[in-house]
Structures are given as structure tokens and as C-alpha cells.
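Residue numbers (the numbering used here): 304 to 443. From the three backbone atoms N, C-alpha and C, an ideal C-beta is built for every residue, glycine too. Okay, structure first, notes after.
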């Protein structure tokens, strides 16, 4: 009968513990490096709602104090997921996470984050003249 080293190691509790400890160490090390890379990417890119205001009718207004944008999202038209139009701004609603564009979305009157037209018109998140997100409505 032929017994190789792999079979012998699989029955040795000390060897299996070493393998388990090394695997766990490598797993957590990779998770830490993945999270640090992810946060550095997110900090480089500005959120679209910090750069523009949406009024729900397709008009995109620049936020005061921002003269030139480093992001390119405003200069490229892409097909929107929400309404199949060619749009500049594509994001998601802060309340229901539904995709929105400049034609389907509003900016919160207080904090500027994007809301979809369903949350504003149907679910009562302010009015179309003064839309307000769920977080800001708690303090209003």
C-alpha cells in the first residue's frame, strides 16, 4: 500500500492547524488590503450630488463654488437605466436606491443628495418645488 505525504499530513492535527492558521491569516490580510484600496478609490472620486443640482425636469445646475469639474461624468452622455434616455447624470435615489437621471431625479433642498421622482411625488418626500430626503425630513 502506497501512502504519500499529503495523506499523512491530512491526519496530523498539528499540521492541519498550521494550514488553517496560515489560511485564516492570508484571508484577513487580503480583506484588509482590499478594503484599504476600495476606500482610497472612493475618496478620489467625488459624489455626483456634491457637484450638481437636479430639478426633475432635465436641467443640471452646477453647485455654487465649483467652477471646473475634475470628474468626467458630466461631459459624457450615457444611456440611463431608469428611462432609456441619453443623460449626463446617472446615480441612484438615496431613499429607495432606484436608478435616476437628471430627468427623473431631484436634489434634496437641504443636503443636495439625489431623490427619485417616485419618492418625491408618491411617497411624500417634500414637494417637487422643495424635495427633501428621509434624513433631512427627520430634522425638519
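Self-check item: Close-in-space but distant-in-sequence residues of the same chain around residue 435 (CB under 7 Å, 5 per side omitted)
Solution: Working through the chain shown from its first residue, we reach residue 435 at position 132. Cβ within range, chain order: 411, 412, 413, 428, 429 and 443.
Quiz item: Which residue or residues does DSSP assign as beta-bridge partners of residue 356?
Solution: Locating residue 356 in the chain shown gives position 53, where the first residue counts as 1. Paired residue(s): 364.
Exercise. Check whether the Cβ atoms of residue 385 and residue 404 lie closer than 8 Å to each other.
Key: Within the chain shown, residue 385 is the residue found at index 82, counting from 1. Within the chain shown, residue 404 is the residue found at index 101, counting from 1. Yes, the Cβ-Cβ distance between residue 385 and residue 404 is below 8 Å.
Quiz item: Cα separation between residue 406 and residue 417?
Solution: Taking the chain shown and counting its residues from 1, the one referred to as residue 406 is at position 103. Taking the chain shown and counting its residues from 1, the one referred to as residue 417 is at position 114. The straight-line gap from Cα to Cα measures roughly 12 Å.
Self-check item: Span separating the alpha-carbon of residue 395 from that of residue 365
Solution: Within the chain shown, numbered from 1, the residue matching residue 395 stands at position 92. Within the chain shown, numbered from 1, the residue matching residue 365 stands at position 62. Going from the Cα of residue 395 to the Cα of residue 365 covers about 18 Å.
Quiz item: Looking at the structure shown, is residue 350 part of a helix, part of a strand, or coil, going by DSSP?
Solution: As a working note, residue 350 is residue 47 in the chain shown. Three-state DSSP puts residue 350 in coil, outside helix and strand.
Quiz item: Which first and last residues belong to the beta strand (DSSP E) in which residue 411 is found?
Solution: As a first step, residue 411 is located in the chain shown; it is residue number 108 there, counting from the start. Counting along the chain, residue 411 falls outside any beta strand (DSSP E), and DSSP gives it neither H nor E.
Practice problem: Compare the beta carbon distance of residue 420 and residue 359 with 8 Å and say whether it is the shorter of the two. | Solution: Translated into the one-based positions of the chain shown, residue 420 becomes position 117. Translated into the one-based positions of the chain shown, residue 359 becomes position 56. Contact: yes.
Quiz prompt | Euclidean distance between Cα positions of residue 426 and residue 392 | solution = Against the chain shown, residue 426 aligns to sequence position 123. Against the chain shown, residue 392 aligns to sequence position 89. Between the C-alpha atoms of residue 426 and residue 392 there is a straight-line separation of about 23 Å.
Self-check item: Collapsed DSSP secondary structure at residue 468 in the structure displayed
Solution: The question about residue 468 has no answer, for the chain in this structure spans 304 to 443.
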